[in-house]
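K.L.:
Got a structure here, written out as structure tokens. Questions coming.
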Amino acid sequence: MLLATLLTDFGTADGYVAEMKGVLLSGAPTAQLVDISHDIPVQDVDAARLAFARYWRRFPVGTVHLVVVDPGVGTRRKALAIESNGRFAVGPDNGVLSPALLVPDARAVELSIPHGAAPTFHGRDVFAPAAVRLLTGASLEEMGAWTSEAALLRSPEAQRRPDGGQDGMVLAVDRFGNLITNLTGRGDGVVEIQGRLLRVVHTYGDVAEGEMLALVGSHGLLEVAVRGSSAARALGVGRGTPVSLRRDPS
Amino acid sequence: MLLATLLTDFGTADGYVAEMKGVLLSGAPTAQLVDISHDIPVQDVDAARLAFARYWRRFPVGTVHLVVVDPGVGTRRKALAIESNGRFAVGPDNGVLSPALLVPDARAVELSIPHGAAPTFHGRDVFAPAAVRLLTGASLEEMGAWTSEAALLRSPEAQRRPDGGQDGMVLAVDRFGNLITNLTGRGDGVVEIQGRLLRVVHTYGDVAEGEMLALVGSHGLLEVAVRGSSAARALGVGRGTPVSLRRDPS
Amino acid sequence: MLLATLLTDFGTADGYVAEMKGVLLSGAPTAQLVDISHDIPVQDVDAARLAFARYWRRFPVGTVHLVVVDPGVGTRRKALAIESNGRFAVGPDNGVLSPALLVPDARAVELSIPHGAAPTFHGRDVFAPAAVRLLTGASLEEMGAWTSEAALLRSPEAQRRPDGGQDGMVLAVDRFGNLITNLTGRGDGVVEIQGRLLRVVHTYGDVAEGEMLALVGSHGLLEVAVRGSSAARALGVGRGTPVSLRRDPS
Numbered sequence: 106m107l108l109a110t111l112l113t114d115f116g117t118a119d120g121y122v123a124e125m126k127g128v129l130l131s132g133a134p135t136a137q138l139v140d141i142s143h144d145i146p147v148q149d150v151d152a153a154r155l156a157f158a159r160y161w162r163r164f165p166v167g168t169v170h171l172v173v174v175d176p177g178v179g180t181r182r183k184a185l186a187i188e189s190n191g192r193f194a195v196g197p198d199n200g201v202l203s204p205a206l207l208v209p210d211a212r213a214v215e216l217s218i219p220h221g222a223a224p225t226f227h228g229r230d231v232f233a234p235a236a237v238r239l240l241t242g243a244s245l246e247e248m249g250a251w252t253s254e255a256a257l258l259r260s261p262e263a264q265r266r267p268d269g270g271q272d273g274m275v276l277a278v279d280r281f282g283n284l285i286t287n288l289t290g291r292g293d294g295v296v297e298i299q300g301r302l303l304r305v306v307h308t309y310g311d312v313a314e315g316e317m318l319a320l321v322g323s324h325g326l327l328e329v330a331v332r333g334s335s336a337a338r339a340l341g342v343g344r345g346t347p348v349s350l351r352r353d354p355s
Numbered sequence: 106m107l108l109a110t111l112l113t114d115f116g117t118a119d120g121y122v123a124e125m126k127g128v129l130l131s132g133a134p135t136a137q138l139v140d141i142s143h144d145i146p147v148q149d150v151d152a153a154r155l156a157f158a159r160y161w162r163r164f165p166v167g168t169v170h171l172v173v174v175d176p177g178v179g180t181r182r183k184a185l186a187i188e189s190n191g192r193f194a195v196g197p198d199n200g201v202l203s204p205a206l207l208v209p210d211a212r213a214v215e216l217s218i219p220h221g222a223a224p225t226f227h228g229r230d231v232f233a234p235a236a237v238r239l240l241t242g243a244s245l246e247e248m249g250a251w252t253s254e255a256a257l258l259r260s261p262e263a264q265r266r267p268d269g270g271q272d273g274m275v276l277a278v279d280r281f282g283n284l285i286t287n288l289t290g291r292g293d294g295v296v297e298i299q300g301r302l303l304r305v306v307h308t309y310g311d312v313a314e315g316e317m318l319a320l321v322g323s324h325g326l327l328e329v330a331v332r333g334s335s336a337a338r339a340l341g342v343g344r345g346t347p348v349s350l351r352r353d354p355s
Numbered sequence: 106m107l108l109a110t111l112l113t114d115f116g117t118a119d120g121y122v123a124e125m126k127g128v129l130l131s132g133a134p135t136a137q138l139v140d141i142s143h144d145i146p147v148q149d150v151d152a153a154r155l156a157f158a159r160y161w162r163r164f165p166v167g168t169v170h171l172v173v174v175d176p177g178v179g180t181r182r183k184a185l186a187i188e189s190n191g192r193f194a195v196g197p198d199n200g201v202l203s204p205a206l207l208v209p210d211a212r213a214v215e216l217s218i219p220h221g222a223a224p225t226f227h228g229r230d231v232f233a234p235a236a237v238r239l240l241t242g243a244s245l246e247e248m249g250a251w252t253s254e255a256a257l258l259r260s261p262e263a264q265r266r267p268d269g270g271q272d273g274m275v276l277a278v279d280r281f282g283n284l285i286t287n288l289t290g291r292g293d294g295v296v297e298i299q300g301r302l303l304r305v306v307h308t309y310g311d312v313a314e315g316e317m318l319a320l321v322g323s324h325g326l327l328e329v330a331v332r333g334s335s336a337a338r339a340l341g342v343g344r345g346t347p348v349s350l351r352r353d354p355s
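Here the protein sequences come in this chain order: D, E and L. Quick note on numbering: our numbering labels position 166 of the first sequence as 271, and the sequence is numbered without any gaps. Quick note on numbering: our numbering labels position 35 of the second sequence as 140, and the sequence is numbered without any gaps. Quick note on numbering: our numbering labels position 195 of the third sequence as 300, and the sequence is numbered without any gaps.
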């Protein structure tokens, strides 16, 4: 089964995503298209990167991921096709593909820009055609020249504290208002945020409705949440807010 | 053809839905995934239940519906897999699956929680794997112990009036601002809402542009609408607003 | 491969689109459903028409497009099924299908309304069943009587200026705040909007971050944009704003 996923910041109402889908299905009519999201905040490469980190490896080997959050379209940034862990991805060379590129043995080629490609819409004229080629059996080497100089973005890492804890920050806020941090947790200790101290618990059921808590989220990072409500709203904070983990709270 | 539908309140931008889709397609690569909605208001079990009521039986026999609006994730609420009318559904035991459970001969099992499942993300670690098992031919009895104590939610029913009419309320407001009530209509009588009296008409074309009307909606319930505009905005009302049907208006 | 696309203004949270999908897959279980958008502004026929213009011909021959932005549902407007350029479309006779109807040799039939169809929901009870018939091999002539009187909408055309330029307007604003105009460009000249003069450049990379520019967009129409930001916000303008192209600026 041929699978292609799509992640963009295009919204859907203007028909741009639809144009890409038409190109994909015209070239690979039996492929199943899987929408990831088209609601990434406009030109928010980092939000797209964090989403991509979550899902790219969950899909079957052979899946082709299109990731088109591309504020640099029409500039000199390269267009990439990559292979990592048996999955493929196409997208701009702006760091959005980093989660797959940072895996050992990941490989990347620089796509050439087809003659006549609209300089404002590489999603339709560069990335969708490249995805079609991958879906229909082309190898990376047929599609461009190997490149070893792709842009890489990493989330800032938390710093070790003398007490064995960590100083970090909020990386993202999800739709529920949960604060995803860069603190890595084993499920114990105390999280400090905005002057509040929160014991790390196992799950929402460990606190009462409406109470704030810290726990290890579904990707192994500590999260701050309010059971049944929004921690972001309760604290009035967002991306970048400092947060720390104390192993030995005073 | 294997079909799996997805209804959540996750939004799509954070990548959670994408993780679920990856699990589904890794386990059942030939399944077609059908997005129902990921824009259910956060933790609004009732809105999800009303949407589910509309579509679950419209899909072919054998379809597996995933319904993950789950404010109780990480608490003691059960995880369910059910069969009703030849369709399957997986989701939390919070009443969201009631439309299918209330059908005679519906059957439900309590899913066991896989070792290592993230306590905050049963959509990915409990419900998607259960859906994969159903898609790949497992029977309900293989997946857990029969349970007869599932949470059931029903929309409040309208009350009969001495004049043969009904006293009810607005159950939901749709994107068009139509007010869906719990009044059951045959297409005659007069609807009273906020002091206004509206003759029940057959369709929008029976009134002028901009005029308010009442009619029998696409599920047999009376709706209050404004032709070409929003009744919710015109009246400033929402869920729970009292509304009545008079058979014999004075 | 059977393909059906869906464009509506229903949103997804109410379950209406899901009902349509259930009807489609019950009748044509092997069809792949492709979401175009359900976020068209409510009853905005023109926005839907512009989106439809972008994608309808990008899909493979044989694709069935459902387009249900239908403020006239329940009035006397006709329901159409059309064939154009090998693609099919079903939708209301309100001009939304014009991009396909305006192609030479396009053909249209007036669909009869099935007995019992909800007068408020032709998407489910008229258009989805018609799409199923097309997907399963029916010909247009089996589905209704030929009609040659379909509503047609065209975007206003820019007017020639004595200097060889054009006077036009903003047709649409996309999610990025780009202003899509009805000026047809070859990539030279100067665009005037709100008293500003913008040299037409080739692509975003030709100006600095934050600078306003004009360029030929991905459909051959001139667009006004701000690199890395929103021209709509910068200028405080929207659909209908006058804009002109000067070939020989003073």
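Beta carbons are placed, not taken as given, at the ideal position from N, Cα and C, and that holds for glycine.
1. With a CB to CB cut of under 6 Å and the five nearest residues on each side skipped, what residues in its chain are close to residue 331(L)?
2. For residue 51(D) versus residue 148(D), is the C-beta spacing smaller than 8 Å?
3. Can you find a CB in chain L that lies within less than 8 Å of the CB of residue 126(D)?
4. For the candidate residues 186(D), 288(D) and 349(D), whose alpha-carbon lies nearest to that of residue 243(D)?
5. DSSP beta-bridge partners for residue 285(D)?
6. Run the CB neighbour count on residue 285(E), radius 10 Å, all protein chains shown included, and call it buried at 16 or more, exposed below.
7. Nearest to residue 175(D) by CA position, among 232(D), 159(D), 327(D) and 210(D), is which residue?
8. Run through the segment 287-346 of chain D for me and flag every whole alpha helix (DSSP H) of 4 or more residues, listed as ranges in chain order.
9. How close, in whole Å, do the beta carbons of residue 275(L) and residue 342(L) come, if the pair is a contact with beta carbons under 8 Å?
10. Using alpha carbons as the reference points, say which of 266(E), 236(E), 130(E) and 117(E) lies closest to residue 281(D).
11. Would you kindly work out how many angstroms separate the C-alpha atoms of residue 121(D) and residue 211(D), rounded to a whole number?
12. If we ignore side chains and look at the alpha-carbon of each, how far apart do residue 184(L) and residue 249(L) end up?
13. At a Cβ cut of 7 Å, what residues of the segment 309-324 of chain E count as close to chain L, listed as they run along the chain?
14. If I measure Cβ to Cβ from residue 218(D) and keep anything under 7 Å in the same chain, skipping five residues before and after, which residues do I get?
15. Let's see if you can read the secondary structure: which residues bound the beta strand (DSSP E) around residue 184(L)?
16. Which residues in chain E sit within 7 Å of residue 229(L), going by Cβ to Cβ distance?
17. Of the residues 225(E), 255(E), 159(E) and 279(E), which one's Cα is nearest the Cα of residue 199(E)?
18. What residue range does the beta strand (DSSP E) around residue 249(E) cover?
19. For residue 178(D), go through chain L and note every residue whose CB falls closer than 7 Å to its CB, in chain order.
20. Assuming residue 197(D) is part of the alpha helix (DSSP H), what are its boundary residues?
21. If contact means a Cβ-Cβ distance below 7 Å, which residues of the segment 262-281 of chain D contact chain E?
22. Report all residues from its chain with a CB closer than 6 Å to the CB of residue 239(E); omit the five preceding and five following residues, and keep chain order.
23. Could you please give me the residues that DSSP links to residue 168(E) through a beta bridge?
24. For residue 171(L) versus residue 258(L), is the C-beta spacing smaller than 8 Å?
25. So, using beta-carbon positions, are residue 309(D) and residue 127(E) closer together than 8 Å?
26. Taking all protein chains shown into account, decide if residue 163(D) is buried (16 or more other Cβ within 10 angstroms of its Cβ) or exposed.
27. Could you tell me if residue 352(D) is buried or exposed, where buried requires 16 or more neighbouring beta carbons within 10 angstroms of its beta carbon?
28. Does DSSP put residue 142(E) in a helix, a strand or coil?
29. Using Cβ-Cβ distances below 8 Å, what residues of the segment 127-159 of chain D are close to chain E?
30. Step through the CB atoms of chain D and report whether any lies within less than 8 Å of the CB of residue 116(E).
31. Residues of chain L with a CB under 7 Å from the CB of residue 119(D): which are they?
32. In the DSSP assignment, find the alpha helix (DSSP H) that holds residue 152(D) and state where it starts and stops.
33. For a contact defined as C-beta to C-beta under 7 Å, what are the partners of residue 224(L) on chain E?
34. In angstroms with no decimal places, state the Cα-to-Cα distance between residue 156(D) and residue 216(L).
35. Please list, in chain order, the residues of the segment 162-189 of chain L that have any C-beta partner in chain E closer than 7 Å.
36. What do you reckon, are the CB atoms on residue 133(E) and residue 225(E) nearer than 8 Å?
P.N.:
Taking the definition as stated:
1. 317 and 339
2. Given a span of 106 to 355 for chain D in the structure shown, any question on residue 51(D) remains unanswerable.
3. yes
4. 186(D)
5. 277(D) and 328(D)
6. buried
7. 232(D)
8. 336-340
9. 6 Å
10. 117(E)
11. 30 Å
12. 10 Å
13. 309, 310, 320, 322 and 323
14. 184 and 231
15. 184-189
16. 323
17. 255(E)
18. 249-251
19. 309
20. It is not in any alpha helix (DSSP H) - residue 197(D) instead sits in the beta strand (DSSP E) that spans 192-197.
21. 279, 280 and 281
22. 169 and 193
23. In the DSSP output, where bridge partners are listed per residue, residue 168(E) has none listed.
24. no
25. no
26. buried
27. exposed
28. strand
29. 137, 139, 140, 141, 142, 143, 144, 145, 146, 152, 155, 156, 157, 158 and 159
30. yes
31. 156, 279 and 280
32. 150-160
33. 307 and 308
34. 44 Å
35. 176, 178, 179, 180 and 181
36. no
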